[in-house]
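The sequence shown stops at residue 316 when you use numbering that gives the first Met the number 0, and every number in between is there.
From the three backbone atoms N, C-alpha and C, an ideal C-beta is built for every residue, glycine too.
A quick note: this is a predicted structure, and the numbers were derived from the prediction, not measured.
So the structure is just underneath, and the comments pick up after that.
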Amino acid sequence: MNKWDKPACDIEQIGTMEQASLKELEAAAAIARRGTFRAAAIDLGMSTTALSHTIGRLEAGLGVRLFNRTTRSVSLTDAGRIFVQQVAPSLQDLHAALDLVRSQRETPSGTIRINAAPFAARAIISPLVLEFLRRYPDMNVDIVTEGKMVDIVKDGFDLGVRVASLVPSDMIAVSLGRPQRHAVVGSPEYFEQHGKPVVPPDLLNHRCIRVRLPDGSLFRWRFEKDGEQVQIDVRGPLALDEASLTRTAVLEGAGVGYIFEQDILSEIEAGRVIRILEDWTPPYPGLCLYYPGRRNLSAGVRAFLELARELSRPTAG
0 MNKWDKPACD IEQIGTMEQA SLKELEAAAA IARRGTFRAA AIDLGMSTTA LSHTIGRLEA
60 GLGVRLFNRT TRSVSLTDAG RIFVQQVAPS LQDLHAALDL VRSQRETPSG TIRINAAPFA
120 ARAIISPLVL EFLRRYPDMN VDIVTEGKMV DIVKDGFDLG VRVASLVPSD MIAVSLGRPQ
180 RHAVVGSPEY FEQHGKPVVP PDLLNHRCIR VRLPDGSLFR WRFEKDGEQV QIDVRGPLAL
240 DEASLTRTAV LEGAGVGYIF EQDILSEIEA GRVIRILEDW TPPYPGLCLY YPGRRNLSAG
300 VRAFLELARE LSRPTAG
């Protein structure tokens with residue numbers, strides 16, 4: 000009988016945890032959580048080749064195949080499913096214990112993993128993250144940007160960053176203070192040729208750069224003035240899902256864009272683009288850091304949260 004063909008019905012038939020290193024256990028849990036070797040390797044900070052070798056050593060030591068692999072997909076075997084179900088809670092307890100011990104350090108060290116929307120990552124990188132690294136040189140920050148919401152606990156993140164309205168109700172939120180705002184912009188050349196919209200419905204007569212959301216749908220541009228709310232399903236030959244691409248298209252005169260203010264403000268101030276409908280784009284509640292309340296926070300995470308609170312406080316004068 001091939002060693003991979005052994006039936007599995009109980010964890011004792013797989014082997015004991017003493018046969019596997021912590022690195023190997025974390026590797027198996029990461030692949031099960033993320034669904035691909037590539038994504039798990041990114042989470043673990045290693046190459047896919049190294050991860051494959053690590054899993055190979057674990058499977059050889061246990062004498063059972065944990066994952067079915069094809070060129071396109073990875074799935075748990077029955078033995079792998081039992082193994083991960085048994086091991087994952089123990090890994091969580093172990094990491095919680097390590098975090099609790101690290102929290103007693105006077106000088107924070109280690110890595111903080113943050114999941115953020117792309118625009119949110121751009122908003123926090125300079126005022127918060129870089130200042131944190133200057134203050135705490137023994138710390139590392141690993142930011143993963145994703146448009147869609149993720150379960151930060153399940154996916155192994157310490158913190159998330161999203162607009163206030165999207166923070167899950169079971170999380171503790173820390174406001175980053177500054178409200179968010181959109182800007183509707185176009186190049187001087189575009190408006191010279193096509194004229195400027197005066198009210199939001201005028202956009203229906205313009206070439207607009209459409210915004211594609213993470214779920215694949217097209218975003219309806221939102222406006223508000225004096226209590227009146229308007230949503231416009233704009234038209235245009237170009238749909239993009241990344242703000243930097245929209246910014247480039249606007250600068251090239253391709254049409255009118257709907258962009259987060261902080262991503263285009265320098266171009267507005269320099270006159271490279273012209274802002275329109277400003278009185279229809281009021282600010283709204285800004286970004287929040289969030290984290291699970293039941294987890295023991297490491298010294299590094301606590302220091303990061305305290306710096307976020309410090310920087311979000313209004314300055315006197």
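- Contact between F259 and A248 fails: their C-beta atoms lie close to 15 Å from each other, not under 8 Å.
- DSSP places K224 within a strand segment (E or B) once states are collapsed to three.
- Under DSSP, the beta-bridge partners assigned to A238 are R209.
- Per the C-alpha coordinates, the member of T144, T53, L50 and T110 positioned closest to F303 is T110.
- With a cut-off of 8 Å on Cβ pairs, the region 158-178 is in contact with the region 112-120, counting three or more such pairs.
- Judged by DSSP secondary structure, I54 falls within the alpha helix (DSSP H) whose first and last residues are T47 to L61.
- In this structure, P291 keeps its C-beta atom at 7 Å or more from the C-beta atom of V143.
- Taking C-beta atoms as the reference points, K195 and I275 count as a pair closer than 7 Å.
- Around A307, the same chain offers L127, V173, L175 and L288 as residues with beta carbons nearer than 7 Å, after the five sequence neighbours per side are excluded.
- Here P199 is buried, its C-beta having at least 16 other C-beta atoms within 10 Å.
- Within the model, the alpha-carbon separation for R121 versus L24 is close to 34 Å.
- Residue range L286 to P291 is occupied by the beta strand (DSSP E) that includes P291.
- Considering only L286, P282, T280 and L250, the residue with the shortest C-alpha distance to I273 is L250.
- In this structure, A182 sits away from P284, with a CB-CB distance that is not shorter than 7 Å.
- Under DSSP, Q230 shares a beta bridge with R221.
- Nearest Cα to V300 within the set T48, L132 and P88: L132.
- Taken atom to atom, the span from the alpha-carbon of G62 to that of P167 is near 41 Å.
- Between V255 and L202 the beta-carbon gap is near 7 Å, inside 8 Å, which marks them as a contact.
- Within the model, the alpha-carbon separation for P187 versus K224 is close to 25 Å.
- In the assembly as shown, V197 is an exposed residue. Its beta-carbon has fewer than 16 other beta-carbons within 10 Å.
- P236 and N204 have their C-alpha atoms spaced approximately 13 Å apart.
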